[in-house]
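Peer 1:
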Amino acid sequence: MPVPRMVVDASVILKWVLGSDREPDHGCALRILDDWAAGRIELTVPSLWEYEVGNILGREIPHQALRKMKLLRNLRMINEPLNEEMIGLCFQWMEQAAVTFYDASYLAVAVVLDGRLVTADRRFAQRMARPDRILLVSDYGKEG
Numbered sequence: 314m315p316v317p318r319m320v321v322d323a324s325v326i327l328k329w330v331l332g333s334d335r336e337p338d339h340g341c342a343l344r345i346l347d348d349w350a351a352g353r354i355e356l357t358v359p360s361l362w363e364y365e366v367g368n369i370l371g372r373e374i375p376h377q378a379l380r381k382m383k384l385l386r387n388l389r390m391i392n393e394p395l396n397e398e399m400i401g402l403c404f405q406w407m408e409q410a411a412v413t414f415y416d417a418s419y420l421a422v423a424v425v426l427d428g429r430l431v432t433a434d435r436r437f438a439q440r441m442a443r444p445d446r447i448l449l450v451s452d453y454g455k456e457g
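Position 69 (the sequence shown) corresponds to 382 in the numbering used here; numbering is contiguous.
Below you can see the structure in the form of structure tokens.
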């Protein structure tokens, strides 16, 4: 049986390194890492994740940003470059749901690669209305 593919967005990735005192649902986010380390899931991200996460780390914790980014890069998540189909979906969703290209890219990777996006961004999840493809990090591990 194939291992489920989970696409994690910046909101989840940041929970791994910003800590429980700063991040709600930190424990739920760590469960994702535990499942990945145990081989129960595959972790995939669009290749732009480093820019989005790096920008926030540099602003929020500038003196620790480089060390935290190294930790994240050492996870060796599958970096998926956007293909034409993914880019097309991003533009479609930008127009239909008024979301950003950045946010849409994570969902596009999940849709095209038959995975599931895990996010802490409730607003994005509500706008996209794709419960088949979007799972809130707070609900991770609570399904069947």
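All residues carry an ideal CB built from backbone N, CA and C; glycine is no exception. Note that the structure is a prediction, hence the values are computed from the model and not measured.
Quick check on L343: does DSSP put it in helix, strand or coil?
Peer 2: Residue 343 sits at position 30 when you count from the first residue of the sequence shown. Helix, per DSSP.
Peer 1: What did DSSP end up calling L402 once you bin it into helix, strand or coil?
Peer 2: Locating residue 402 in the sequence shown gives position 89, counting from the first residue. The three-state secondary structure of L402, taken from DSSP, is helix.
Peer 1: Check whether the Cβ atoms of P359 and R429 sit closer than 8 Å, and answer yes or no.
Peer 2: On the sequence shown, residue 359 is found 46 positions in, with the first residue counted as 1. On the sequence shown, residue 429 is found 116 positions in, with the first residue counted as 1. Contact: no.
Peer 1: Which partner residues does E393 have in the DSSP bridge list?
Peer 2: Against the sequence shown, residue 393 aligns to sequence position 80. Its beta-bridge partners are P359.
Peer 1: What distance in whole Å lies between the Cβ atoms of L448 and V431, which are believed to be in contact at a cut-off of 8 Å?
Peer 2: Reading the sequence shown from its first residue, position 118 is the one you call residue 431. Reading the sequence shown from its first residue, position 135 is the one you call residue 448. That belief holds up - the Cβ atoms of V431 and L448 are roughly 5 Å apart, short of 8 Å.
Peer 1: Quick check: the Cα distance between R344 and R446, rounded to an integer number of angstroms?
Peer 2: Taking the first residue of the sequence shown as 1, we reach residue 344 at position 31. Taking the first residue of the sequence shown as 1, we reach residue 446 at position 133. Taking the straight line from one Cα to the other gives about 19 Å.
Peer 1: At what residues does the alpha helix (DSSP H) containing M382 begin and finish?
Peer 2: Taking the sequence shown and counting its residues from 1, the one referred to as residue 382 is at position 69. Run containing M382: 378-386, per the alpha helix (DSSP H) assignment.
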